[in-house]
Every structure is written in structure tokens, then in C-alpha cells.
Amino acid sequence: MGGDILVIGGGIAGLTSAIEASETGYSVVLVEKTPFLGGRVAQLNKYFPKLCPPFCGLEIFYRRMRTNPKLKVFTNAEVLSISGSAGDFSVTLRIKPRFVNENCTACGECAKVCPVEVENEYDFGLSKRKAIYLPHAMAMPMIYAIDEFNCNKCGECVKVCKYNAINLKETEKTLNLKVSAIIVATGWKPYDAKKLTNLGYGKFKNVLTNMEFERLASPNGPTKGKILANGKPINSIAFAQCAGSRDENHLPYCSAVCCLASLKQATYVREQYPDAKIYIFYIDIRAFGRYEDFFAKVAKEKGIELIKGKVAKVEEKDGKLIVTAEDTASQQKVRKEVDMLVLATGMKPSLSEDPIPGIEVDKYGFVKERPGVFPAGVAMRPLDVMFSNETATSAVLKAIQFARR
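Heads up, my numbering is the position in the sequence shown plus 4, with the first residue counted as 1.
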């Protein structure tokens with residue numbers, strides 16, 4: 005099959021690119037590696053600075069997609085190779101079996117009888133899911149998927165499905181495309197916090213990453229939005245900035261969103277625990293442009309203390325975490341006892357670990373623009389949601405120039 009533009013990645017930048025390009029009249033193929041669209045944004049509790057939930061925006065996107073004849077979407081699909089040049093690319097896709105077809109009504113009877121439970125990647129392992137699953141109630145497509153690596157093919161789901169929606173014998177397919185331009189919106193992964201050995205991640209239960217904390221605070225998360233440490237309300241919490249970012253031993257660049265994300269997450273704590281003590285350890289607070297107002301508003305709230313110093317050590321004593329850092333303003337070593345520590349881990353481009361033949365990246369894994377191939381969102385550089393959307397629109401404008409030719 006063919007199309008004018010191929011969009012790789014179904015996160016916020018990929019959705020923006022695909023919808024904007026197709027609504028201008030160009031035929032677009034959107035390819036997402038996982039069974040569901042939404043990317044990292046679908047895992048957030050709220051955006052900053054408005055502090056509104058992401059699903060309102062995502063649902064508007066999904067509605068526009070459903071009525072768009074120019075847009076073809078493939079989930080559970082990945083790009084195997086890209087050849088050719090601008091205006092005449094040949095692309096090979098591998099479409100993995102979903103094992104569930106469009107007859108699915110998302111009734112959930114299949115999941116009830118599935119005997120297999122595995123860690124839920126949507127909640128970063130903080131909860132369990134079945135081998136046949138929907139990640140959340142706003143999933144797109146609203147069709148269950150079977151995790152082929154964990155399904156034991158017992159057939160219990162087939163027995164209870166009233167709609168003939170499950171085929172455990174479905175096989176992998178290959179599809180060849182001809183497109184004029186390619187938009188790469190492959191997104192990012194959180195930096196592996198286990199590599200930050202001095203910060204206690206993986207050693208102490210109540211040391212979490214910032215994305216894990218998003219899930220903990222989300223109404224559809226593992227605790228239904230209640231922020232708990234050892235199953236109990238918290239009285240104090242610390243946020244450690246630049247956990248892996250701006251560090252020559254890890255990610256030497258600034259990840260752009262971490263400061264604002266931690267300020268946002270401080271508001272989650274303040275909403276649930278007005279009297280909790282909140283400590284934010286930072287190197288520099290980077291709140292550029294209109295985000296300066298958001299920073300100033302949160303920073304002056306009661307109980308929030310900003311400490312200019314990088315966390316050097318984390319220990320545990322009597323169920324409490326002891327966070328040690330040097331306050332560079334006072335030139336004093338500070339130790340804070342807290343119930344929970346949240347690490348502001350950086351953004352690592354997905355292609356740094358999972359390259360696509362035919363897509364060029366720099367030494368960090370960010371996509372290089374070349375004729376006919378345009379990065380968008382965090383595939384280009386660390387960005388927040390707003391700027392991801394802006395770069396997606398920019399990529400569309402460039403891509404349709406090749407499509408017009």
C-alpha cells in the first residue's frame with residue numbers, strides 16, 4: 005500500500021502529526037509499536053502548567069481520528085527498514101499479532117478468566133495485569149490485546165468470548181509501503197534509575213521515579229490516586245532533580261521537563277496532604293518562558309522548601325528515608341528524613357536503544373533531520389507536551405512539501 009506521509013510513533017507528537025497532516029487532505033499511515041496509542045502522555049496524571057488531566061485532549065484526538073478517511077493506523081507494528089530517498093521511500097513494516105479483532109466489545113470477560121498475571125507496564129510494574137488486557141478505560145483502540153510473551157494459550161478467553169473476537173492462531177504479517185515523507189515521533193524512555201546507585205532506587209521501597217509517581221497519583225493508577233508510603237499517608241517527601249541528567253556519567257544534557265514536573269508533583273502532595281513537608285533538591289530550576297509564573301506560584305506555597313544542592317546519598321532507618329545533600333547556598337550539609345523520595349529521571353530517546361534502519365541519530369539517540377525525514381517531539385530533543393505538539397506541526401509543514409511534489 006502507499007501513502008503520502010508515514011508517521012512513526014503514536015504518542016502525543018505522532019498523533020498530532022498524523023491528524024494535522026491527514027486533515028489537510030494527505031493520506032497518512034500512522035505506525036505504533038505497542039498495541040495502544042497515547043504514549044507517555046497517557047501515563048500522566050496531569051499536564052503542567054494548567055494541571056488538567058491528559059485524557060480530555062487525547063479523547064479529542066481519538067474522535068478526530070475515528071472520522072478521518074485519510075488516516076490509516078497500525079498498532080503492534082514496527083518499522084523494519086527504510087530505503088529510498090525523499091519523495092520515494094520504501095518502508096517495510098512488521099505487524100505483530102494482537103490475537104483480538106474488531107469484534108471485541110471490551111466487555112472484559114476474557115480478562116476475568118485469564119489465569120496469567122504479569123507486571124503492568126502501564127503502571128511501571130506498580131500493579132499487575134492479565135495476559136489479555138486493556139491498559140486503561142480510555143484506551144485507543146478500545147480492543148483488548150494479548151501479550152504473546154506471557155500468554156500460555158490455555159484458551160479460557162476463547163471459551164467465554166461471545167463475539168468470536170479472539171484468534172490464538174493469528175500470525176505475524178509484513179507490509180510494504182511507498183511514501184513521500186516520514187515523520188519520526190518515536191518518543192522517549194525514562195532513564196534507568198538503577199544506574200544511579202547512590203540514590204537507593206531498587207534498594208529502598210519508597211524511592212520512586214517521577215513517572216512511577218505520576219501513576220501513583222493518577223485516579224486510574226495502582227492506588228486509585230492515593231499517595232501512600234508503606235500503605236500509609238505521608239508526612240514528608242523529597243524530590244531529587246537531575247537524577248541522571250546533566251551528568252557526564254549518565255545523560256549529559258538537560259532533560260527539559262524535570263523541574264516543572266517535580267513542581268507539578270508537589271501540588272499533588274499538597275492537595276492530599278496540606279501539612280506535609282515537601283523538599284525539592286535542585287541544581288538550577290529551569291522554568292523558561294511562561295512557565296516562570298508556574299514556578300513562582302508553586303515555590304511560594306506553604307510547606308515547600310527548595311534546596312539548591314544535588315542529592316549525594318540516600319539511606320533508610322526505621323522505615324524512613326534519610327536524604328543527604330550539600331546546600332550550596334548555605335554551604336552546609338543537610339539531611340532530611342522523609343517518607344518518600346521521587347527521582348526526576350531524565351528523558352532518553354527511544355531510538356538510542358531501539359534503532360530503526362534508515363533513520364539517522366546523533367550520539368545521544370535523537371533523530372537527525374534529513375530530506376524527507378523529520379523528527380517531532382522528544383525524538384528530536386527533550387520537550388514538554390506543548391513544544392512536542394509545536395514540533396509535530398512543524399514536521400507536518402515540512403512533510404507535505406515533499407508530498408506535494
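Glycine is no exception: its CB is placed at the ideal position from the N, C-alpha and C atoms.
Taking a cut-off of 8 angstroms for Cβ pairs, the region 16-28 and the region 390-404 touch, as three or more such pairs fall below it. In this structure, DSSP gives M215 a helical state, which the three-state scheme calls helix.
When the beta-carbon positions are compared, A81 and K100 come within less than 9 angstroms of each other.
The beta carbons of V318 and N202 sit closer together than 9 angstroms. Proximity to G313 across K321, T349, F243 and Y272 peaks at F243, based on C-alpha coordinates.
Around the Cβ of T178, a 10 Å sphere holds fewer than 16 other Cβ atoms; the residue is exposed.
Counting other Cβ atoms within 10 Å of its Cβ, A280 reaches 16 or more and is therefore classed as buried.
In the three-state DSSP reduction, V164 falls in the helix class (H, G or I). The straight-line gap separating the alpha-carbon atoms of I311 and I284 is approximately 6 angstroms. Under DSSP, R133 takes part in a beta bridge, and its partners are V122. Cβ atoms of A348 and C246 come within 8 angstroms of each other, at about 7 angstroms.
Taking C-alpha positions only, L267 is separated from V389 by approximately 16 angstroms. Within the region 55-107, the complete alpha helix (DSSP H) runs of at least 4 residues fall at 59-70.
By the neighbour-count definition (other C-beta atoms within 10 Å, threshold 16), M384 is a buried residue. Under the DSSP assignment, N224 falls outside any alpha helix (DSSP H); it carries neither an H nor an E label.
With fewer than 16 other beta carbons inside 10 angstroms of its own, Y167 counts as exposed. Within the same chain, L267, A270, T271 and I308 come within 7 angstroms of V302 by CB-CB distance, once the 5 residues on both sides are set aside.
Nearest neighbour of L200 by Cα position, chosen from G159, S87, V104 and H254, turns out to be H254. Under the three-state reduction of DSSP output, I404 falls in the helix class.
CA-CA distance, V45 to Y126, rounds to 11 angstroms. Annotation for V162: I170 and L172 place their beta carbon closer than 7 angstroms to its own, counting only its chain and skipping 5 residues before and after. Contact annotation: the region 62-78 touches the region 24-38, with at least three C-beta pairs closer than 8 angstroms. P359 is bridged by DSSP to nothing; it lacks a bridge partner.
At the C-beta level, K134 and V164 stay beyond 9 angstroms of one another.
Secondary structure note for E320: its beta strand (DSSP E) is the uninterrupted segment V315 to K321.
DSSP, read as helix, strand or coil, puts R409 in coil.
For N180, the secondary structure class from DSSP, reduced to helix, strand or coil, is strand. Rounded to the nearest whole angstrom, the C-alpha separation of L181 and V77 is 13 angstroms. The criterion of a C-beta distance shorter than 9 angstroms is not satisfied by L62 and P145. A direct Cα-to-Cα measurement between A233 and T332 gives close to 29 angstroms. According to the DSSP assignment, D151 belongs to no alpha helix (DSSP H), since it is labelled neither H nor E. Contact annotation, V382 with W192: C-beta distance approximately 4 angstroms; criterion of less than 8 angstroms satisfied.
Taking a C-beta distance under 9 angstroms as the contact criterion, I404 and I9 qualify as a contact pair. Nearest C-alpha to D358 among V32, T190 and D297: T190. By the Cβ neighbour-count rule, D343 is buried, with 16 or more other Cβ atoms within 10 Å of its own.
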